[in-house]
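K.L.:
Numbering (the working numbering), first residue to last: 3 to 403.
Mind having a look at this structure? Questions to follow.
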Ligand code: ADP
């Protein structure tokens, strides 16, 4: 079965085509600048040169048609016809409390995703455009939706409620939802498989450290607490997001700097984090480079970033009364040995025996970076959200047949 995985944003659409018999990627790519002048489609097939096509793509339906044209193109394609796509899986950022797992799309599901627009005003409407664009191009193909929030729906109320008047939860569903759920779910399963131990026995702290970053406490296979909140702004310091801060700073900033609420929101989401503290970049590679050539602001940004990860690990070890596995994943977590070292250096009290040599090894496979016999296993686990979306879609479509 061939499954097309789609991640639709407001002006972009990423895709990966999977052959599920081997779980291999036949082709992948992205359309950028949808609705702007000169949209760009980049198409990649392993072993071939990348294809880059510039054209005018005004909306998502055309973007999906261009992707399908590319997948079936005589020279660049990998399929005979679009009839060779048996199902489509979509990534959806917010499933609210309505979606505790992935589901096949029907009219009710679409209505419910619409009802959640308020909770994710930037993301969910764009995902809906992606769903409709696929419907218009492939009307008979089943589609599934996989939610970033669903994995965290197992959190107890002690983790997900905010200590504010209950009316906000009752009327407006203000609570912690958490994100990166697809990734935390995937990497925790990979970790258990790597260790050859049942997931149900393990206490795992999963650190997804990319541009956006979150830590999750996974108790016996289920999300118990997570650092992102009602929105992805809470928790760790990120590339351009502040993470945790005293909420009283918001009215203070509005008064002192004569800012609007929108300006403060944009400051906290787009102009804070690594970017603001280093004054250099939101990209960890550039911050580390500057730090290594002696830039003090870059060093401070790096230290704050690592310190906050360590604090969350400590608090989640307390929350679960122990930890067996700490894992690092996503762009920074998988690639930055210096960050992993800085985080782990302060965790010897957990019985963690860090292995510097293993930490420096480069590999695209799951691996341990602690010494054999360490009381806590620290792993680097490459994430693969698209594969989990493809697997869930496959399971749902097969289950229905
Ligand atoms: P997103 O949240 O956008 O999916 P990714 O998981 O792709 O992000 O992570 C992107 C981040 O990974 C970038 O900010 C980049 O700084 C970081 N990154 C990638 N490679 C390295 C590296 N070798 N060292 C440090 N950081 C890296």
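No residue lacks a Cβ here, since even glycine has one placed at the ideal position from N, Cα and C.
Spatial neighbours of residue 98 within its chain, please: CB distance less than 6 Å, with the 5 preceding and 5 following residues excluded, ordered by chain position.
P.N.:
Here residue 98 refers to the residue found at position 96 when the chain shown is read from its first residue. Only 118 and 121 meet the Cβ criterion.
K.L.:
Give the straight-line distance between the Cα atoms of residue 352 and residue 319, rounded to the nearest whole angstrom.
P.N.:
Translated into the one-based positions of the chain shown, residue 352 becomes position 350. Translated into the one-based positions of the chain shown, residue 319 becomes position 317. The alpha-carbon atoms of residue 352 and residue 319 are separated by roughly 9 Å.
K.L.:
When we look at the beta-carbon of residue 92 and count the other beta-carbons within 10 Å, is it buried (16 or more) or exposed?
P.N.:
Residue numbering aside, residue 92 sits at position 90 when the chain shown is read from its first letter. Answer is buried; the Cβ neighbour count reaches 16.
K.L.:
Quick one: give me the first and last residue of the beta strand (DSSP E) that residue 211 is part of.
P.N.:
What you label residue 211 is simply residue 209 of the chain shown in a count that begins at 1. 205-211 is the span of the beta strand (DSSP E), which, as asked, contains residue 211.
K.L.:
Find out if the Cβ-Cβ distance for the pair residue 219, residue 207 is shorter than 8 Å.
P.N.:
Residue numbering aside, residue 219 sits at position 217 when the chain shown is read from its first letter. Residue numbering aside, residue 207 sits at position 205 when the chain shown is read from its first letter. Yes; because the gap between Cβ atoms is below 8 Å, this pair is in contact.
K.L.:
Alpha carbon to alpha carbon, how far is residue 223 from residue 39?
P.N.:
As a working mapping, residue 223 is identified with position 221 in the chain shown. As a working mapping, residue 39 is identified with position 37 in the chain shown. Computed Cα separation, rounded: 46 Å.
K.L.:
Taking just the CA atoms, how far does residue 158 sit from residue 171?
P.N.:
Working through the chain shown from its first residue, we reach residue 171 at position 169. Working through the chain shown from its first residue, we reach residue 158 at position 156. In a straight line, the C-alpha of residue 171 is about 14 Å away from that of residue 158.
K.L.:
Spell out the partners DSSP gives residue 356 in its beta bridges.
P.N.:
Walking along the chain shown from the start, residue 356 turns up at place 354. Beta-bridge pairing links residue 356 to 372.
K.L.:
For residue 348 and residue 312, I'd like the C-alpha separation in whole angstroms.
P.N.:
The sequence position of residue 348 within the chain shown is 346, counting from 1. The sequence position of residue 312 within the chain shown is 310, counting from 1. Taking the straight line from one Cα to the other gives about 7 Å.
K.L.:
So is residue 18 in contact with chain B if we call contact Cβ pairs under 8 Å?
P.N.:
Among the chains of the structure shown, chain B does not appear; only one protein chain is present.
K.L.:
Where DSSP assigns a beta bridge to residue 228, which residues make up the other side?
P.N.:
Position 226 of the chain shown, counted from the first residue, corresponds to residue 228. Beta-bridge pairing links residue 228 to 218.
K.L.:
Hey, could you find the ends of the beta strand (DSSP E) residue 56 is sitting in?
P.N.:
Counted from its first residue, the chain shown places residue 56 at position 54. Start and end: 53-57.
K.L.:
Could you check the C-alpha separation between residue 225 and residue 165 for me, to the nearest Å?
P.N.:
Within the chain shown, numbered from 1, the residue matching residue 225 stands at position 223. Within the chain shown, numbered from 1, the residue matching residue 165 stands at position 163. For residue 225 and residue 165, the distance between alpha carbons rounds to 20 Å.
K.L.:
Roughly how many angstroms separate the alpha carbons of residue 148 and residue 102, rounded to a whole number?
P.N.:
Your numbering for residue 148 matches position 146 in the chain shown. Your numbering for residue 102 matches position 100 in the chain shown. Answer to the nearest angstrom: the Cα atoms are 10 Å apart.
K.L.:
Apart from the five residues on each side of it in sequence, which residues of its chain come closer than 8 Å, Cβ to Cβ, to residue 57?
P.N.:
As a working mapping, residue 57 is identified with position 55 in the chain shown. 40, 41, 43 and 68.
K.L.:
Quick one: give me the first and last residue of the alpha helix (DSSP H) that residue 73 is part of.
P.N.:
The residue labelled residue 73 in the question sits at position 71 within the chain shown. Residues 62-73.
K.L.:
So, under 8 Å CB-CB, residue 308 and residue 345 are touching, yes? Tell me the CB distance rounded to an integer number of Å.
P.N.:
Mapped onto the chain shown, residue 308 falls at position 306. Mapped onto the chain shown, residue 345 falls at position 343. So it is a contact: roughly 5 Å between Cβ atoms.
K.L.:
How would you label residue 174, buried or exposed, when you count the other beta carbons within 10 angstroms and need 16 or more for buried?
P.N.:
Position 172 of the chain shown holds residue 174. That one is exposed.
K.L.:
Indicate the three-state DSSP secondary structure (helix, strand or coil) for residue 18 in the structure shown.
P.N.:
To locate residue 18, count along the chain shown from 1; it is residue 16. DSSP places residue 18 in strand when its eight states are reduced to three.
K.L.:
When burial is assigned at 16 or more other CB atoms within 10 Å of the CB, is residue 178 buried or exposed?
P.N.:
Along the chain shown, read from residue 1 onward, the residue named residue 178 stands at position 176. Buried, since its Cβ has 16 or more Cβ neighbours within 10 Å.
K.L.:
Are the beta-carbon atoms of residue 281 and residue 299 separated by less than 8 Å?
P.N.:
For this step, residue 281 is matched to residue 279 along the chain shown. For this step, residue 299 is matched to residue 297 along the chain shown. Yes, Cβ-Cβ distance for residue 281 and residue 299 is below 8 Å.
K.L.:
Is residue 248 near the ligand ADP, going by C-beta to nearest heavy atom under 7 Å?
P.N.:
Indexing the chain shown from 1 puts residue 248 at position 246. No, the ligand ADP has no heavy atom inside 7 Å of this Cβ.
K.L.:
Could you say if the segment 121-140 and the segment 193-203 meet the contact criterion of at least three C-beta pairs nearer than 8 Å?
P.N.:
Short answer: they don't touch.
K.L.:
Helix or strand or just coil, what does DSSP make of residue 312?
P.N.:
Reading the chain shown from its first residue, position 310 is the one you call residue 312. Helix at residue 312.
K.L.:
In whole angstroms, what separates the C-alpha of residue 431 from that of residue 271?
P.N.:
With the chain represented from 3 up to 403, any question about residue 431 goes unanswered, as that position is not in the structure.
K.L.:
Looking at the ligand SAM, does it come within less than 7 Å of residue 357, judged from the CB to the closest heavy atom?
P.N.:
The ligand SAM is not part of this structure, which contains only the ligand ADP.
K.L.:
Is the distance from the Cβ of residue 213 to the Cβ of residue 241 below 8 Å?
P.N.:
In the chain shown, the residue the question calls residue 213 occupies position 211. In the chain shown, the residue the question calls residue 241 occupies position 239. Yes. Within cutoff.
K.L.:
In the structure shown, what three-state DSSP assignment does residue 1 receive?
P.N.:
Lying before the first or after the last residue shown, residue 1 is absent from the chain, which here runs from 3 to 403.
K.L.:
Which residue marks the beginning of the alpha helix (DSSP H) containing residue 290, and which one marks its end?
P.N.:
The residue given as residue 290 occupies position 288 in the chain shown. Per DSSP, residue 290 belongs to the alpha helix (DSSP H) from 286-294.
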